[in-house]
Each structure stands twice: as structure tokens, then as C-alpha cells.
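Only one structure is covered here, and it is reproduced in the block below.
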Amino acid sequence: MADIPNIIPALPELFLAAIGMALLMLGVFHKTGGIEDIKASRLISLLTIVALLLTVLLVSTLSGGRLVTFGNMFVSDTFAVYCKVLVLIGSALAIIISQGFLERHDMARFEYSILILFATLGMMMMISANDLISLYIGLELQSLSLYVIASFQRDDTRSTEAGLKYFVLGAVASGMLLYGSSLVYGFTGTTNFDQLANIFANNHGETSIGVIFGVVFILAALAFKVSAVPFHMWTPDVYEGAPTPVTAFFSVAPKIAALALFIRVMVGPFGGLASEWQQIVILISVASMALGAFAAINQTNIKRMMAYSSIGHAGYALIGLAVGTEAGIQSVLIYLAIYLVMNIGVFTCILCMRRDGHMVENIRDLAGMNRAHPMLALVLAILMFSVAGIPPFAGFFGKFYIFVAAIEAHLYALAIFGVLSSVVGTFYYLRIIQMVYFEDPDEALDPPAGKELTIVLTVTGLFVTLFFIYPAPILSAAAAAAASLFSG
Amino acid sequence: MAQLPILSLLTFLPLVGAIFILTIRGDEDVVKRNARHVALWTSLINFALSLFIWVHFDTTTADFQFVESKPWMPSYNIGYKMGIDGISMLFVLLTTLLTPICILASWENINDRVKEYMICFLVLETFMIGMFCALDLVVFYIFFEAVLIPMFLIIGVWGGPRRVYASFKLFLYTLAGSVLMLLAIMAMYFDAGTTDIPGLMVHRFPPELQTWLWLAFFASFAVKIPMWPVHTWLPDAHVEAPTAGSVILAAVLLKFGGYGLLRFSLPMFPDASVMFTPLIYTLSIIAIIYTSLVALAQEDMKKLIAYSSVAHMGFVTIGAFTLTVQGIEGSIYQMLAHGIISAALFLVVGVVYDRIHSREISAYGGLVHRMPGYSLIFMIFMLGSVGLPGTAGFVGEFLVLVGAFKANTWVAAFAATGLILGAAYMLYLYRRIIFGSLTKDSLTAIKDVSLREVAIFAPLIVLVIWMGIYPAPFLEIMHVSVENMIIQIESALNASAAISIAGQ
């Protein structure tokens with residue numbers, strides 16, 4: 001008789017899965033039609049938010065040592081706890097800012113929050129994966145939910161197109177990941193991360209070409225998921241086409257999960273091959289920063305601009321991975337926490353861009369926002385300066401630690417390239433501020449709809465502004481998380 | 001008294017005022033009036049506080065005074081540390097003096113978004129004071145860079161017709177220089193293991209590293225000073241900025257670069273500084289002669305003064321790199337004098353701009369007939385800018401030339417031509433605006449300076465003459481610090497010379 005595996009390390013995931021199914025039942029058996037649909041969606045999104053926050057608590061109780069279970073396929077360590085907390089917060093915030101939008105656009109269906117919940121579950125499994133197989137399962141659970149959410153606005157061709165495009169390209173990436181995994185398995189005989197790490201640590205520099213091929217395929221698939229150049233093509237279209245709160249969700253939670261996965265795979269099993277993949281990561285990072293900086297300049301749609309901005313940000317985060325040291329990983333983790341808050345804030349501002357009850361998305365539409373809505377304009381300006389990395393806002397510190405790690409590892413050229421592309425990138429963030437403050441309004445925007453948007457804006461604005469006062473807790477949490485990845 | 005964090009108080013008091021203004025609600029006129037008063041009183045209290053610091057400043061020691069230190073990012077060994085010495089003391093005073101003057105100067109001519117305007121100025125004051133007081137490189141960098149935010153908004157929102165172009169140019173130019181300095185700061189951190197400024201001053205960086213660090217810092221400071229050929233953002237920014245924006249830009253922001261050279265480049269990278277001295281001399285002399293000639297040809301008053309700023313800052317860089325007591329003291333004195341005189345000149349331009357709304361020199365002429373008081377004020381500052389003995393401008397330029405003469409006579413000779421050219425363009429400007437007959441219709445009803453304007457100029461006039469006639473109290477403050485710095489640099493140079501001899 002088989003032993004019952006230790007379920008404690010996976011308890012948060014099990015909890016979330018059970019809640020997800022229960023909520024699905026609740027939704028299915030709820031009364032339908034008209035106002036009842038909206039009621040159901042409100043109730044379920046509220047319950048989902050509560051469930052996500054409870055999961056945060058559950059996850060936090062696991063912080064401590066490294067626990068493995070399910071035949072070594074699932075791992076829970078401080079690194080996983082840190083990233084899971086970020087992902088859960090990102091998902092919860094995304095649901096909070098979605099509800100009003102969904103109701104106004106006749107898309108208030110209860111499946112929305114449940115899909116986000118399942119996507120989050122997939123992300124948590126990705127983060128905790130300790131085997132190429134469990135990695136794939138987590139990744140697919142996440143991706144399949146995301147494809148559906150991208151096309152959630154069924155009667156809008158752009159949204160449908162975004163979902164389809166994401167699905168087709170995502171499927172290609174998954175195929176590459178599987179192909180790479182099978183190559184690695186074929187040449188090493190195992191898919192387990194710990195065993196792979198052992199093999200590569202003791203192979204004395206002799207790695208078969210097949211394994212390298214496998215690693216490159218896996219890298220390509222992961223680069224797709226974090227939308228790094230040259231696998232970024234889907235990002236602008238999907239970000240532009242998907243409903244705005246969905247874009248907000250896409251730009252944070254899946255991205256954080258994918259970067260966490262990227263880090264775990266590269267540092268864990270393939271840590272011994274660092275000399276092989278480091279140059280690839282550097283190249284991807286440089287290309288992403290450059291494209292993110294230059295391609296965004298000409299955009300007129302703010303969601304598309306943010307898509308390029310997020311490509312650029314992936315490039316900065318990858319600097320930390322390219323460094324590959326504990327300090328480098330720590331800097332990425334700090335960066336992700338700050339990035340999460342900034343991006344949710346920016347997309348909440350975009351959600352506030354409505355005129356005569358319709359969403360507007362052109363940068364030009366922001367003109368003169370300062371006159372009609374001074375506080376909203378102030379928050380947007382703070383967020384933009386922060387995203388650009390101007391001190392004293394949080395975004396500066398995110399970049400600061402990344403470059404500190406790069407300089408420590410003597411990657412001077414990479415660091416210089418990084419700061420210069422951030423100067424170029426500053427241009428288009430300043431353009432938003434120019435619109436908001438310098439230009440005269442064509443026609444005033446509607447006031448922000450919904451209290452929840454105002455609250456999210458206030459919280460993100462305050463976090464970004466006041467981060468500098470007391471950064472120590474996030475720094476030490478990230479340090480502990482990075483250390484757990486290297487101790488095992 | 002050492003327990004009271006007086007420098008933090010000085011730094012963050014304007015920020016408190018800004019937050020207070022942010023909370024003002026109500027009728028538009030009430031908001032405007034309250035915002036103005038809160039800003040003025042906050043900055044005046046801050047000025048009084050800085051005078052208090054001046055009184056308690058010990059001029060017999062080169063150590064940093066009023067030091068405060070708190071852990072900030074312990075895992076990175078980066079702390080929040082503030083303190084001032086003889087070099088930074090006077091710049092803090094300059095900042096706290098000019099902020100209330102700027103606010104007073106914008107009392108009537110800024111009517112659009114007054115609340116935001118006053119917030120920008122108070123926030124700007126916080127960043128500027130913080131930059132001069134910071135004793136940790138990362139804290140310094142944060143203030144140094146953050147200054148761009150309010151300055152960008154001041155030019156962009158309240159500026160002239162080409163304000164968008166000018167504000168973007170200012171922001172991106174200075175940012176591009178600064179980010180390289182940021183990387184250099186990180187490299188210093190890994191070499192010395194700390195970002196504590198007094199600690200870094202005694203740390204000896206390896207000479208090859210010094211070269212790179214010096215260049216990275218220079219990239220940032222040269223843009224800020226600004227030195228030829230990276231000065232082109234300055235005329236644009238000055239022309240488009242509102243009067244008070246130009247004042248603060250010329251008086252304080254340009255001093256960041258000179259202050260940075262004195263605080264970091266010279267004491268921390270002495271070998272590289274000596275190596276690059278010819279470069280500095282060359283660029284400074286080109287700046288002095290070339291921009292003076294350019295100033296002669298200007299049609300726009302503000303542009304002319306902007307170019308004259310570049311020329312005057314050329315003296316500052318020459319003086320600093322002579323590594324003599326006279327040269328360095330002269331360069332600090334020149335910065336202070338320029339801070340007051342150029343600020344006053346922009347205010348002088350602002351006075352007629354408020355009345356006629358033109359900065360073209362050709363729009364004026366014969367103002368002496370209608371505005372005798374104004375002509376007198378203008379003359380005092382014009383002569384100060386020329387460097388007439390008895391004004392603040394003379395002392396600085398004279399000391400710089402003495403120092404330069406000791407170091408290199410050719411440099412002194414070329415720099416001295418700048419004085420002649422300076423007299424030429426300033427007197428020419430004065431003649432075209434003030435003298436001649438009053439023929440233009442728009443000028444026939446122009447009014448002389450008002451009481452508020454006199455109140456703005458009075459402290460500046462007193463200072464220009466005081467600093468010109470009796471410079472001792474100011475020189476006394478900086479003397480010990482400057483001497484100590486030179487001793488440090490020389491011992492560092494001797495040590496590295498000994499190493500290179502031993503190596504042969």
C-alpha cells in the first residue's frame with residue numbers, strides 16, 4: 001500500500017483548489033438572469049478575494065525550512081513563500097479593481113474570479129515545482145486559465161483576437177518547453193530538479209550538446225512567459241486587446257510567477273550550467289531593455305505602451321538573474337515586489353480613464369487631467385516617475401539593487417547599458433506626465449468610478465512614495481528568500 | 001543641542017509645508033492666498049533656522065558638524081547620515097535665502113495652479129538642502145536626482161511657449177549624466193565597503209579605478225555645472241522657465257556640479273583629478289571665451305544671462321582644480337556670488353517681463369527715464385556680474401585668478417580675458433535696455449519697481465555689497481575645511497607618488 005504523501009507543504013494549494021471548486025458549485029447553482037448574474041459575480045469575487053487572502057496567511061505559516069513532498073516533485077521554501085505571497089496579493093488586487101469594470105461592460109460573470117483563482121493556483125504550483133513534470137502541469141493550469149480570461153469580453157473582436165493569439169503562441173511555447181524537457185530527460189535520465197542539480201554540479205564541465213539544446217528550449221519557453229525579447233511579440237497585442245483589468249492582472253501575477261519559475265529552474269537544476277545559460281540571459285535582457293525603451297516611444301495607446309514598458313522591466317529583472325548570485329536573486333525579488341505595486345497602480349489609473357461612460361485608452365486622452373482630477377493626476381505622476389526609476393520613489397530602489405548586484409558581479413557593460421536604456425525609457429513616462437500636467441484638456445475625463453479604485457490608488461501611491469522611509473522589511477524578506485534558494 | 005536633528009528638521013520642514021498646502025481645500029481665491037502664505041512662512045522659518053545653524057557653526061574645525069546618523073538599509077550597510085562642513089554650510093544658506101525670495105517673486109505673476117506651484121518650490125527646497133547636507137553617497141544621489149522632478153514640473157507647467165522641449169531636455173540631459181554617477185557610486189561601494197562620505201574621503205581608491213570613477217562623476221557634474229560642450233540645455237531651460245524657476249536654477253542647481261567636484265571628485269579621486277586637470281582647464285577656458293562671445297550676440301535677455309552663467313561657472317571649475325587655497329576658496333566664493341547675482345539678474349529681467357511680456361532686448365530702451373529705481377538696482381547687479389571691485393563678483397574672480405596664476409600663468413591669462421568680455425556683454429546689455437531715448441509706445445506708461453519688488457531686491461543688494469567689501473565672515477567659514485581638504489589631497493598624492501617611485 002502506498003504511503004499517503006505529506007500534504008502539509010502543499011496545504012495552501014489544496015485549500016485554494018477546494019475553495020475554487022466549491023465556488024464553482026456555488027456559481028453554477030446560483031439563480032441566473034439579469035441582476036442575479038451580477039449578484040453572483042459580486043458574491044463570488046468577494047469570496048475569492050477572501051480565499052486568496054486566507055491563502056496568504058496559510059502560505060506565511062510555511063515560511064521556515066525547505067519541505068518537499070509528493071515524491072520530491074513539490075517543494076516549499078522561503079523563496080516559494082515570498083513569490084506566492086506576491087502572486088496572491090497581485091491576483092487579489094486584480095480582482096478588486098476588476099469588478100466595477102465588469103459590471104459596466106456587461107461581463108459580470110462569476111467565472112471571472114474563479115478563472116483568476118485557478119490561474120493563481122497554477123502559478124503557485126509553478127513556483128513550487130521541483131520537477132519538470134510538475135512545472136509543466138502548473139504552467140498549463142495557469143496558461144489555460146489565462147487564455148480564457150484574455151478573451152473574456154466575448155463580443156469584442158479585439159479581446160477574442162487577443163485570447164486566440166495568446167493561445168496559439170502560448171501553445172508553441174509550451175511545446176518548446178516539453179521538447180526541451182524531453183531532451184533533458186533523454187540525456188540525463190531524470191526530470192527531478194535535485195537530481196539534475198547533482199548531475200550538473202559533478203559533471204566537471206562536460207555537458208552533452210543534447211542537454212544544452214534542451215536547456216535552450218526551456219529557456220525560450222520561459223522567455224516567452226516573461227515576455228522577454230525575442231519572444232515578446234504576443235505582449236503588445238494581448239495587452240491592448242484584453243479587457244483592461246485583465247491586462248492589469250497579466251502584467252503582474254503571471255509575470256511574477258514566470259520570473260520566479262525562471263529563477264528556480266536556472267539557479268536550481270541548471271545552476272551547474274550557469275556558464276552556458278548566462279550569456280543567453282544577458283542577451284535576452286539587453287534586447288528586452290532596448291526594445292522596451294525604444295519601441296514604446298511611438299505608441300499612442302497607453303495599454304500598448306505599458307506592454308512595451310513591461311517588456312523593458314522583464315529585461316531589468318533578468319539582469320539580476322544573469323548575475324546569478326544570491327545578491328542578484330535578492331535584487332530581482334525586491335524588484336518584483338515593487339513592480340507589482342507600481343503596475344497595479346498604473347493600471348488602476350488606466351481604469352479611471354473614462355469619458356462619457358466609455359473607456360478611453362489613448363495617451364492623448366490624458367491631456368489636462370491635472371485640472372479636472374488633481375489627486376488622480378498626482379498619483380499617476382508619482383507612479384510614472386517611479387516606473388521610470390527616479391528617486392525617491394520605490395521604482396528607483398528596485399533598479400538600484402539590480403544594478404548594485406550587476407556591479408558587484410563586474411558586469412559593467414550590462415549595467416551601463418541598463419542605466420542608459422532606462423534614460424531612454426524615461427522619455428515616454430515623462431510624456432504621460434507632460435500630457436497630464438503640461439497640456440490643456442480637450443474634454444475632461446469622468447471622475448474615478450468606484451471607491452475600490454480610489455482605495456487601491458491611495459495605497460499604491462503611498463507605498464511607492466514612502467517606500468524609502470523603511471525599506472528594511474522587504475529587503476530582509478527578499479534576502480531570506482534568495483538565501484533559501486542557494487542553501488539547498 | 002547635538003541631540004536635536006536640526007539638519008533633518010531644516011531639510012524636511014519645507015516638505016511638511018508642502019503636505020500642508022496639499023490639504024488646503026475651499027474657494028479658489030482662498031486656496032491661492034493660503035498656499036502663498038504657507039509657502040512664504042515655511043521658507044522664512046527655514047531661513048531663520050539656517051541662520052541659527054550659522055550662528056552655532058564652529059569655524060575652527062574641518063570636521064562635519066551637526067552630524068546625524070541612522071541605520072537605513074542595514075543589510076547593505078547604507079545609512080541615513082547628514083552633516084555640514086565649511087564647504088556646504090554656505091550653500092545651505094544660499095538655498096534657504098533664495099527660496100523665500102523666489103516665492104515672493106512669484107506672488108503676483110503666478111496665478112495658475114498656485115497650490116501646485118508652491119508645493120513644487122517647497123519640495124524643491126527640501127531636495128536641495130538635503131543634497132548639500134547628505135553625508136551618505138546614496139542619500140546624496142537620491143536628493144541630487146530627485147531635484148529634477150520639481151524642476152521639470154516648474155518649467156513644464158509654468159514655462160514659456162517651448163516649455164515642453166526645454167523641460168524634457170533638462171530632465172533627460174541631466175539624468176543621462178547622473179545614471180553613470182550612480183554606477184560609479186556602486187563601484188565605490190564595493191571597493192570601500194561603505195557609502196559614508198567622510199569614510200570615503202579617507203579611503204584610497206586604486207588609481208585605475210579612480211580614472212573611471214572620476215569620469216563617471218564628471219559626466220554628471222559637467223552637465224549640471226554646466227561645462228562646454230554639454231551646456232546646451234541651460235539656455236533653453238532658462239528661457240522657458242518662469243522667473244523664479246530661472247532664479248533657483250541659476251542660483252542653486254548649477255552649484256550642484258561645482259559642489260560635487262569639491263566634495264567628491266577632488267578629495268576622493270586626487271590622482272585622477274590631477275591627471276584630468278588640463279582637460280578641465282581647456283574646457284573651462286573654452287567655456288569662458290566662447291560663451292562670452294555667444295552672450296554678446298544674444299537678442300534675448302534671459303539667454304544672455306544664461307550664457308554668462310556658463311562663463312562664470314568656467315571660473316569655478318578652474319579655481320577648484322588649481323588645488324590652491326585661494327583657487328578653491330575663490331571658486332566657492334564665485335559660486336555664492338554668482339548664486340546671488342545671477343538670481344538677482346533673472347529677477348531684474350522678471351520685473352520688466354511682468355510689465356511688457358517680452359524678453360527681447362530690442363523691445364526695450366531708455367527705461368532710465370521712466371524707471372530710475374529699477375535702473376539703479378539693475379546697475380548694481382550688472383556691475384556685480386562684471387566683477388567690479390567692491391561687489392561680490394570681484395572677490396571670487398580675483399581669488400580664482402590668483403590661484404590660477406600660481407598653478408599655471410597661461411590659464412590665468414586666458415581666464416582673465418573672460419573678465420573683459422564679461423564687461424563687454426553686460427555693459428552692452430545695460431546700455432540697450434536702460435539708456436537711449438524712450439521711443440517705444442509700450443514703454444511710455446511703464447511703472448517703476450513696486451514695494452514688493454524692492455523688498456525682494458534689498459537683501460540681495462546688501463549681500464552683494466557686503467560680500468564685496470567685507471568677505472571675511474564668509475571666507476572664515478570655509479577656510480579650515482578648504483585647507484584641510486588640500487592637505488588631505490596632497491598627502492594622498494604624495495603617497496601614490498611614493499608608490500609609483502617604489503614600483504620603478
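Chains as they are written, first to last, in this note's numbering: chain E, 1 to 488; chain V, 1 to 504.
Every residue gets a Cβ at the ideal spot worked out from N, C-alpha and C, and that includes glycine.
Write down the C-beta distance between G393(V) and S385(V) rounded to the nearest angstrom, noting that I regard them as a contact closer than 8 Å.
Contact flag correct, Cβ pair sits at about 6 Å.
Quick check: is any heavy atom of the ligand SAM less than 7 Å from the C-beta of K224(V)?
As for the ligand SAM, it is missing from this structure, which has no ligand bound.
Are the CB atoms of I4(E) and L14(E) within a distance shorter than 8 Å?
no
Comparing alpha-carbon positions, which option in L336(V), F378(V) and A492(V) lies nearest P471(V)?
The shortest C-alpha to C-alpha distance from P471(V) to any of L336(V), F378(V) and A492(V) is the one to L336(V).
Closer than 9 Å between beta carbons: that is the criterion. Which residues of the segment 141-157 of chain V meet it against chain E?
Y141, I142, F143, F144, E145, A146, L148, I149, F152, L153, G156 and V157
Identify the contact partners of A293(E) in chain V, using a Cβ-Cβ distance below 8 Å as the criterion.
Ordered by position in chain V, no residue passes the 8 Å Cβ test against A293(E), which lies about 12 Å from the chain.
Taking the alpha helix (DSSP H) that L67(E) belongs to, which residues open and close that run?
Element bounds for L67(E): not the alpha helix (DSSP H) but the beta strand (DSSP E), L67 to T69.
Between which two residues does the alpha helix (DSSP H) carrying V542(E) extend?
What is shown of chain E runs 1 to 488, which leaves residue 542(E) out entirely.
Report the three-state DSSP secondary structure of Y80(V) (helix, strand or coil).
strand
Please state the DSSP three-state secondary structure of E360(V).
Look at E360(V) here: in three-state DSSP terms it is strand.
Please confirm whether A176(V) has its beta-carbon closer than 8 Å to some beta-carbon of chain A.
Annotation note: the requested chain A is absent from the structure, which comprises protein chains E and V.
For the structure I just gave you, are there three or more beta carbon pairs, one from the segment 367-374 of chain E and one from the segment 441-459 of chain E, closer than 8 Å?
yes
Just to make sure I have the definition right: I need the residues of chain E whose C-beta is within less than 7 Å of the C-beta of A187(V). Which are they?
I407
Hey, out of T460(E), F438(E) and Y470(E), whose CA is closest to G160(V)'s CA?
Looking at the Cα atoms, F438(E) is the closest of the given residues.
Taking all protein chains shown into account, do 16 or more other C-beta atoms lie within 10 angstroms of the C-beta of S178(V), making it buried, or fewer, making it exposed?
buried
Does the CB of S476(E) have a neighbour CB from chain V at under 8 Å?
yes
Please determine if the segment 345-354 of chain E and the segment 453-467 of chain E are in contact, where contact requires at least 3 C-beta pairs separated by less than 8 Å.
yes
Among residues of its own chain, excluding the 5 on either side of S91(E), which ones have a beta-carbon nearer than 6 Å to its beta-carbon?
L52, I116, T120 and A253
Closer than 7 Å by C-beta to S76(E): which residues in its own chain qualify, once you throw out the five before and the five after it? Chain order, please.
Excluding positions up to five away in sequence, the list reads P9, L62, L67 and S128.
Can you round the beta-carbon distance between L414(E) and F101(E) to whole angstroms, since I take them to be within the 8 Å contact cut?
With a Cβ gap of about 39 Å, L414(E) and F101(E) do not count as contacting.
Would you check if the distance between the CB atom of G17(V) and the CB atom of V38(V) is smaller than 8 Å?
yes
Chain E beta carbons: is any one of them nearer than 8 Å to that of P267(V)?
no
Along the segment 430-459 of chain E, where does the CB come closer than 7 Å to a CB of chain V? Name the residues.
L430, Q434, Y437 and F438
Taking the alpha helix (DSSP H) that Q65(V) falls in, what are its first and last residues?
Note, Q65(V): premise wrong, no alpha helix (DSSP H); beta strand (DSSP E) at Q65 to M73.
According to DSSP, which residues form a beta bridge with N301(E)?
Paired residue(s): N362(E).
Got a sec? Which residues, its chain only, sit under 7 Å from A134(V) by beta carbon, not counting five neighbours each side?
M82, F140 and F143
Here's the rule I'm using: 16 or more other beta-carbon atoms within 10 Å means buried, otherwise exposed. How should I53(V) be labelled?
buried
Starting from S76(E), trace the beta strand (DSSP E) in both directions and tell me its first and last residue.
F74 to S76
In terms of residue numbering, what span does the alpha helix (DSSP H) encompassing F231(E) cover?
Careful: F231(E) lies outside any alpha helix (DSSP H) and carries neither H nor E.
So which of L420(E), W234(E) and Y401(E) has the shortest CA-CA distance to M186(V)?
Checked all of L420(E), W234(E) and Y401(E); the closest Cα to M186(V) is Y401(E).
How many angstroms separate the CA atom of S285(E) from the CA atom of A48(V)?
51 Å
Looking at S181(E) and L164(E), is the spacing between their C-beta atoms short of 8 Å?
no
Verify whether the separation of the beta carbon atoms of V423(E) and L183(V) is less than 8 Å.
no
Applying the 10 Å Cβ sphere with the 16-neighbour rule, what's the burial state of M1(V)?
Below a pLDDT of 50, predicted positions are generally treated as unreliable, and M1(V), at 43, falls in that range; no measurement from the model is reported.
Enumerate, from N- to C-terminal direction, the unbroken alpha helix (DSSP H) stretches of 4 or more residues contained entirely within the segment 446-472 of chain E.
451-466
According to a CB-to-CB cut-off of less than 7 Å, which residues of the segment 389-414 of chain E neighbour chain V?
I390, P391, P392, F403, V404, I407 and E408
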